[in-house]
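For the sequence shown, this note's numbering gives the first residue as 81, with consecutive numbering after it.
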Amino acid sequence: MNIDDLAKGIAAGERRALARGITLIESGREDHRAQATELLAALPKGREALRIGLSGTPGVGKSTFIESFGMMLIGRGLKVAVLAIDPSSSRSGGSILGDKTRMDLLSRERDAFIRPSPSQTHLGGVARRTREAVTLCEAAGFDVVLIETVGVGQSETVVAEMSDVFMLLLAPAGGDELQGVKRGIMEMADIIVINKADGDLKPAASRTCADYAGALRLLRKRPQDPKGFPKAMMVSALEENGLDEAWAEVEALTEWRRAEGFWQHARAAQARYWFEQAVKQALLAQLEKPKAKAALTELSDRVAQGLADPTKAAQDFVTQLDR
Ligand code: GDP
């Protein structure tokens, strides 16, 4: 495969090239990793998409929302890419977005690109691949990249680390309880979107929205938030209500953050974070090399038999690795 040609294809916005690039990035083969690194380096720099993280437990209407929100954005002349982080995909035997019929209309749009989650159990690996896929989508000229995740804890943090705006999608609650949403996840949210505000569910949606608006007001004020943020709002993905308003909120928030320098600051911090992650992973990969593995086993056997002190043995091992 000619990496320069692939990079040119992606830069020209060719969807097939983009798909091939992402496949390359997702590959675990060592030679593919090397090519993927080469590809990332060959891409044009400086193209930025708005990265929106979207989280919510199964059934709240993520795919319905992405479909109608995405179609609305395309209607505004924007190009939309959808990626997913799904650490549980190995359990369900497929990726959450694997079934394209979930976003039937969007998947048929020329200006949309939908990519299922890489099927991998290790969240760190999925995270890196998704971040690299985001970079590819940006290079391909997409205006908005939606990164979807199922609400299962750790993956939100990972998505928040690669998004400009983090949206938490919720469904109307039966009672007045906050739906067991962990405080940590609420603290990450820029906009809490109560979906299904339609028909019989509308009163419950209003209550849930008011509950969350109240809960958000109690959170510690973050410097990166303009007045009124983080906020809770209602939409109906099914009836396509509130979508323009949701986009207006995203735009208001990002414009403010750009003007105040928070956007640039967050991007720089993210780049730093991903660099550090890459260094850590490269170091961990060193441990997988046969020689290192053998030395590790030998030392760990000695430790197990009480022949060596764990701390000292670890130090010896690192010194050996340095050499
Ligand atoms: P996901 O698992 O979060 O991707 O949720 P889906 O998008 O698959 O939606 C789960 C169910 O909720 C489906 O039966 C949808 O038709 C329904 N749903 C999604 N959005 C809405 C909405 O805005 N209003 C109503 N009433 N139902 C919705």
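Backbone N, C-alpha and C define an ideal beta-carbon position, used for all residues, glycine too.
- Note that the region 182-199 touches the region 85-105; at least 3 beta-carbon pairs, one per stretch, sit closer than 8 Å.
- For the pair arginine 209 and isoleucine 90, the CB atoms are not nearer than the 8 Å cut-off.
- For phenylalanine 145, the enclosing alpha helix (DSSP H) stretches over residues 142-155.
- In the DSSP assignment, serine 135 falls within the beta strand (DSSP E) that extends over 130-136.
- With a cut-off of 7 Å, the C-beta of proline 252 is classified as distant from ligand 1, since no heavy atom of the ligand falls inside that distance.
- Secondary structure note for glutamate 319: it is in no beta strand (DSSP E), with a DSSP letter that is neither H nor E.
- In this structure leucine 281 does not touch lysine 142 by the C-beta definition: roughly 17 Å separates them, more than the 8 Å allowed.
- When DSSP reads this structure, alanine 349 sits in no beta bridge, so it has no partner.
- Between the region 336-345 and the region 311-321, the count of Cβ pairs shorter than 8 Å is below three; the stretches do not touch.
- Burial is judged here by how many other beta carbons sit within 10 angstroms of a residue's own beta carbon; glycine 308 has fewer than 16 and is exposed.
- Contact between cysteine 217 and alanine 129 holds: CB atoms are separated by about 6 Å, below the 8 Å threshold.
- If the five residues before and after glutamate 118 are omitted, its C-beta is found closer than 8 Å to the C-beta atoms of Ile83, all from its own chain and listed in chain order.
- For methionine 268, no beta strand (DSSP E) encloses it; the enclosing alpha helix (DSSP H) starts and ends at 263-268.
- For the pair aspartate 223 and arginine 127, the Cα-to-Cα distance works out to about 9 Å.
- A distance criterion of 7 Å places the beta-carbon of serine 135 beyond contact range of ligand 1, judged by its closest non-hydrogen atom.
- Judged by DSSP in its simplified three-state form, alanine 251 adopts coil rather than helix or strand.
- Ligand 1 has no heavy atom closer than 7 Å to the beta-carbon of valine 160.
- Unbroken alpha helix (DSSP H) runs of no fewer than 4 residues, entirely contained in the region 278-333, are found at 282-298, following chain order.
- A contact is defined here as three or more CB-CB pairs under 8 Å, and the region 110-124 fails this definition with respect to the region 151-167.
- In the three-state reduction of the DSSP assignment, phenylalanine 193 falls in the strand class, which pools E and B.
- In the DSSP secondary-structure assignment, isoleucine 90 is not bridged to any residue.
- Here threonine 288 is buried, its C-beta having at least 16 other C-beta atoms within 10 Å.
- Linking aspartate 244 to arginine 131 through their CA atoms gives a straight-line distance of about 5 Å.
- Setting aside the 5 residues that flank it on each side, aspartate 324 is surrounded in the same chain by Met152, each with a C-beta closer than 8 Å to its C-beta; the list follows chain order.
- In this structure, the straight-line span from the alpha carbon of leucine 86 to that of glycine 108 is close to 19 Å.
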